[in-house]
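Here the structure is laid out as structure tokens; the discussion comes afterwards.
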Amino acid sequence: KQEVTQIPAALSVPEGENLVLNCSFTDSAIYNLQWFRQDPGKGLTSLLLIQSSQREQTSGRLNASLDKSSGRSTLYIAASQPGDSATYLCAVRLYNNNDMRFGAGTRLTVKP
Amino acid sequence: KAGVTQTPRYLIKTRGQQVTLSCSPISGHRSVSWYQQTPGQGLQFLFEYFSETQRNKGNFPGRFSGRQFSNSRSEMNVSTLELGDSALYLCASSNSGHADEQYFGPGTRLTVT
Numbered sequence: 149k150q151e152v153t154q155i156p157a158a159l160s161v162p163e164g165e166n167l168v169l170n171c172s173f174t175d176s177a178i179y180n181l182q183w184f185r186q187d188p189g190k191g192l193t194s195l196l197l198i199q200s201s202q203r204e205q206t207s208g209r210l211n212a213s214l215d216k217s218s219g220r221s222t223l224y225i226a227a228s229q230p231g232d233s234a235t236y237l238c239a240v241r242l243y244n245n246n247d248m249r250f251g252a253g254t255r256l257t258v259k260p
Numbered sequence: 846k847a848g849v850t851q852t853p854r855y856l857i858k859t860r861g862q863q864v865t866l867s868c869s870p871i872s873g874h875r876s877v878s879w880y881q882q883t884p885g886q887g888l889q890f891l892f893e894y895f896s897e898t899q900r901n902k903g904n905f906p907g908r909f910s911g912r913q914f915s916n917s918r919s920e921m922n923v924s925t926l927e928l929g930d931s932a933l934y935l936c937a938s939s940n941s942g943h944a945d946e947q948y949f950g951p952g953t954r955l956t957v958t
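Listed in order, the protein sequences are those of chains A and B. Just so you know, we're using the numbering used here here: the first sequence kicks off at 149 and counts up by one. Just so you know, we're using the numbering used here here: the second sequence kicks off at 846 and counts up by one.
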């Protein structure tokens, strides 16, 4: 059974700091991995999608990597800002049944 | 392009009642998936519809059902509501394939009293 784990569960950093969020999954049979941002009480905003054949994707200050063989992905946020404060979720799209499995998320707080 | 819309945004129901939630996908998207989000269980997959057919189903009881119309709009129904059904229900749409990016709506907050 696919398990998705995100570490740390919560992170607090000063503004301007670079940071890394981690996501690990137990089964490498995936179509892709997607990173989302969720603000309190709101829906999910897609940040980056990495297909299983790709190693990384970049969008602005965000860079996500994928190592399918080791079951790991990282989301790198450069020069963090208070507006980056949110919960970040990773999710894998399973190959065998098309299900999408989510991690529990990392709650990020960026202090001014 | 308009995003994924969900109605209603908030709903309060009583135990034993039933509820129907609606989701309109991004124009041109044919796949709609539904998820339940609770503080204890996180985000869990309910089911996915593609071209009016249920393509995949998560591990939820039969009280949870859905359907998709020819215009790709989807509805989700929960019968005989229980307190534990209180959650944020999210729908997501994607173009068609399993490898496509999913776009989420703002969710419907259901409270069962």
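Glycine residues also receive a C-beta, built at the ideal position from the N, C-alpha and C atoms.
Is the beta carbon of alanine 227 of chain A closer than 9 Å to that of asparagine 170 of chain A?
The residue labelled residue 170 of chain A in the question sits at position 22 within the first sequence. The residue labelled residue 227 of chain A in the question sits at position 79 within the first sequence. In this structure, alanine 227 of chain A does not lie closer than 9 Å to asparagine 170 of chain A by Cβ.
Which residues of chain B have a Cβ atom closer than 8 Å to the Cβ of lysine 190 of chain A, listed in chain order?
Position 42 of the first sequence, counted from the start, is the residue given in the question as residue 190 of chain A. Under the 8 Å cutoff, chain B gives Pro951 and Gly952.
Which value, in whole angstroms, describes the spacing of the CA atoms of isoleucine 876 of chain B and glutamine 182 of chain A?
Position 31 of the second sequence, counted from the start, is the residue given in the question as residue 876 of chain B. Position 34 of the first sequence, counted from the start, is the residue given in the question as residue 182 of chain A. In the sequence as displayed, the identity of residue 876 of chain B is serine instead of isoleucine. Straight-line Cα distance between these residues: approximately 17 Å.
In angstroms with no decimal places, state the Cα-to-Cα distance between glutamine 899 of chain B and phenylalanine 892 of chain B.
Taking the second sequence and counting its residues from 1, one reaches residue 899 of chain B at position 54. Taking the second sequence and counting its residues from 1, one reaches residue 892 of chain B at position 47. If I take the Cα positions, the gap works out to 7 Å.
Boundaries of the beta strand (DSSP E) in which leucine 866 of chain B is found, first to last residue
For this step, residue 866 of chain B is matched to residue 21 along the second sequence. Counting along the chain, the beta strand (DSSP E) containing leucine 866 of chain B begins and ends at 864-869.
Alanine 847 of chain B: buried (16+ other C-beta within 10 angstroms of its C-beta) or exposed?
Position 2 of the second sequence, counted from the start, is the residue given in the question as residue 847 of chain B. So alanine 847 of chain B ends up on the exposed side.
Please look up how many angstroms separate the CB atoms of serine 872 of chain B and cysteine 936 of chain B, rounded, as I've assumed it's under 8 Å.
Mapped onto the second sequence, residue 872 of chain B falls at position 27. Mapped onto the second sequence, residue 936 of chain B falls at position 91. The Cβ separation is near 15 Å, so there is no contact.
Write down the C-beta distance between glycine 219 of chain A and leucine 237 of chain A rounded to the nearest angstrom, noting that I regard them as a contact closer than 8 Å.
On the first sequence, residue 219 of chain A is found 71 positions in, with the first residue counted as 1. On the first sequence, residue 237 of chain A is found 89 positions in, with the first residue counted as 1. In fact, because the Cβ distance is near 17 Å, the residues do not count as touching under 8 Å.
Where glycine 873 of chain B sits in the DSSP three-state scheme:
Your numbering for residue 873 of chain B matches position 28 in the second sequence. In the structure shown, glycine 873 of chain B sits in coil (DSSP, three-state: anything other than H, G, I, E or B).
Return the chain-ordered ranges of every beta strand (DSSP E) run that is complete within the stretch 877-905 of chain B and spans a minimum of 3 residues.
887-895 and 898-902
Please state if the CB of serine 896 of chain B and the CB of glutamine 881 of chain B are separated by a distance shorter than 9 Å.
As a position in the second sequence, residue 881 of chain B is number 36, starting the count at 1. As a position in the second sequence, residue 896 of chain B is number 51, starting the count at 1. No, Cβ-Cβ distance for glutamine 881 of chain B and serine 896 of chain B is not below 9 Å.
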